[in-house]
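Only one structure is covered here, and it is reproduced in the block below.
Numbering (our numbering), first residue to last: 457 to 696.
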């Protein structure tokens, strides 16, 4: 009798909802962004933004609204740790609004201060260039998200963005390891002010050049060492 092959089929229902983290007292910013992405993917944003008009219980569409609202409520509640205090709130958008008022303080000045502090103190410290650059760009993205400056005139917008870009370029250059001192000075002397991405590209090429140069030195030194050893052996043979 041959073995019966069993094929396992995993079915994921629409109700299964997992963004990877639970809401806590400290992660509302990232949690809310991930939550909104997942809800938007399921085309249910109107249920948390309050744009879905709540029908009367006697209306024909009430049952459909109620079922969809309960589904979104479950997504929210199952993705947070302080669940109990929100479970009796009837509409999903009311829960979303309550969470915003509870965890987000508007300007969030402490978070901006912390991000700036991390940016100005960031150093490469022997790490790969990509890891150091990735750390900074992540911080800068969070700062952009928290930036509430509003400008209308195109020239003002361009000038403001240019100023921010210049500061961030200097932060990146300042945190580089000592081996990049020369190329850093060359970049700062350029008449054309390089963007952060341009600077990273230049430094990356320099890192590759230095790696190749150091490998060549090691190869030459290894060859010289082998050659010296062979000469020494030859001399000993001649003397013996």
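For glycine and all other residues, C-beta sits at the position ideal for the given N, C-alpha and C.
Nearest-angstrom Cβ-Cβ length linking residue i and residue j, presumed shorter than 8 Å
i, j, result
"residue 652", "residue 624", "5 Å"
"residue 475", "residue 535", "6 Å"
"residue 627", "residue 571", "At roughly 12 Å, the Cβ-Cβ gap does not stay under 8 Å, so residue 627 and residue 571 are not in contact."
"residue 650", "residue 639", "Contact flag wrong, Cβ pair sits at about 11 Å."
"residue 607", "residue 601", "Wrong, their Cβ atoms sit about 17 Å apart, outside the cutoff."
For residue i, the first and last residue of its enclosing alpha helix (DSSP H)
i, result
"residue 603", "Residue 603 -> no alpha helix (DSSP H), and no H or E assigned at all."
"residue 580", "No alpha helix (DSSP H) holds residue 580; DSSP gives it neither H nor E."
"residue 515", "Segment: none, residue 515 is in no alpha helix (DSSP H) and carries neither H nor E."
"residue 644", "637–645"
"residue 610", "610–630"
"residue 544", "Taken as a continuous stretch (DSSP letters only), residue 544 belongs to no alpha helix (DSSP H), as it is neither H nor E."
"residue 478", "First-last for residue 478: undefined, no H or E at that position."
"residue 504", "502–505"
Residue i versus residue j: straight-line alpha-carbon distance, rounded
i, j, result
"residue 488", "residue 544", "20 Å"
"residue 594", "residue 557", "26 Å"
"residue 485", "residue 497", "19 Å"
"residue 508", "residue 547", "10 Å"
"residue 506", "residue 542", "17 Å"
Minimum C-alpha distance to residue i - residue among the options
i, options, result
"residue 663", "541, 626, 584", "584"
"residue 629", "508, 660, 509", "660"
"residue 481", "555, 473, 503, 650", "555"
"residue 523", "668, 503, 603, 588", "503"
"residue 529", "559, 518, 495, 586", "495"
"residue 598", "606, 541, 568, 620", "568"
"residue 596", "621, 604, 607, 613", "621"
"residue 493", "565, 516, 531, 602", "531"
"residue 670", "635, 656, 658", "635"
"residue 590", "540, 490, 631, 665", "631"
Same chain, Cβ closer than 8 Å to residue i, five either side skipped, listed in chain order
i, result
"residue 644", "629"
Sequence-distant residues of its chain with Cβ nearer than 7 Å to residue i (five each side left out)
i, result
"residue 457", "In this prediction, residue 457 scores a pLDDT of 47, lower than 50, which makes its location untrustworthy; the coordinate-derived value is nonetheless stated afterwards. Excluding positions up to five away in sequence, the list is empty."
"residue 478", "535, 536, 537"
"residue 577", "none"
Cβ neighbours of residue i in the same chain (closer than 6 Å, five flanking residues each side left out)
i, result
"residue 518", "511"
"residue 500", "528"
"residue 588", "580"
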